[in-house]
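Numbering (mature numbering (1 follows the signal peptide of the UniProt record, and there is no 0)), first residue to last: -24 to -1, 1 to 193.
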């Protein structure tokens, strides 16, 4: 009888150890200066209890393309206090600048949400480089976009101002590769596998919320 009881106890302990190990393995651990970096000096983030998440991206970046479905899924579940903002990278290359200004032109026209998936697909699935104005306009025309309105938007003061601001912010946050994410102007993360990247974003959101709450106590 004692022998049976001992076996049961040992079996239970074994199961507990296995459960603890599995839990430890699934709990993400993120280290500063490895998985994320502090932004010095801190920059403005979300107002009040809002937490701002900024994604720096490029349409032509394969890693951004891989990240896109994970971002879309995350957006459906993100907390209400999280504001998500996309900023196109403005690296000094004509096709990248064209894509960035196109993002802002389509945003001004109310078409960005509709056409961003199509742009990613055209570049990465259909091997359309869209690297100059003629290629971009031909593609957009095929999507039903009013090209005269697009050209007007591309030359607008709003698009020029937003493009310049994107360049300034990328420099301020030391964005050198994409996709990169800035959490509330305090932390930058990037370069992780998509699922881990989402976990890191959530971890930093929780960190920012805790820091904001600590300041009010």
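For glycine and all other residues, C-beta sits at the position ideal for the given N, C-alpha and C.
What separation, rounded to the nearest whole angstrom, lies between the Cα atoms of residue i and residue j?
i           : j           : result
residue 67  : residue 149 : 13 Å
residue 17  : residue 146 : 14 Å
residue 59  : residue 30  : 8 Å
residue 28  : residue 174 : 15 Å
residue 115 : residue 162 : 38 Å
residue 49  : residue 32  : 18 Å
residue 154 : residue 86  : 24 Å
residue 160 : residue 20  : 7 Å
residue 121 : residue 137 : 23 Å
residue 193 : residue 55  : 22 Å
residue 181 : residue 61  : 14 Å
residue 83  : residue 124 : 15 Å
residue 63  : residue 73  : 12 Å
residue 24  : residue 135 : 28 Å
residue 151 : residue 45  : 22 Å
residue 69  : residue 189 : 42 Å
residue 103 : residue 169 : 23 Å
Would you mind working out which of the options sits nearest residue i, comparing C-alpha positions?
i           : options               : result
residue 65  : 34, 115, 53 and 94    : 34
residue 117 : 100, 180, 102 and 94  : 94
residue 156 : 43, 192, 179 and 89   : 43
residue 8   : 108, 183, 103 and 153 : 183
residue 81  : 100, 109 and 163      : 109
residue 178 : 101, 104 and 47       : 47
residue 101 : 38, 158, 32 and 111   : 38
residue 171 : 124, 40 and 188       : 40
residue 15  : 158, 181 and 169      : 158
Does the beta-carbon of residue i have 16 or more other beta-carbons within 10 angstroms, so that it is buried, or is it exposed?
i           : result
residue 144 : exposed
residue 97  : exposed
residue 142 : buried
residue 140 : exposed
residue 57  : exposed
residue 203 : Since the first residue shown for the chain is -24 and the last is 193, residue 203 is missing from the structure and cannot be characterised.
residue 10  : exposed
residue 51  : exposed
residue 187 : exposed
residue 166 : buried
residue 164 : buried
residue -9  : Note that residue -9 has pLDDT 44, beneath the 50 cutoff, so the model's placement of it is unreliable and no number is given.
If residue i sits next to residue j, beta carbons under 8 Å apart, how far is it from one beta carbon to the other, in whole angstroms?
i           : j           : result
residue 6   : residue 176 : 5 Å
residue 89  : residue 36  : No, residue 89 and residue 36 are not in contact; Cβ-Cβ is about 19 Å, not under 8 Å.
residue 194 : residue 99  : The requested residue 194 does not occur in the structure, where the chain is confined to residues -24 to 193.
Less than 7 Å separating the Cβ of residue i from some heavy atom of the ligand FAD?
i           : result
residue 125 : Among the components modelled here there is no ligand, and therefore nothing to report on the ligand FAD.
**Q.** contact_flag[the segment 128 to 136, the segment 77 to 90] where n(CB pairs < 8 Å) is 3 or more
**A.** yes
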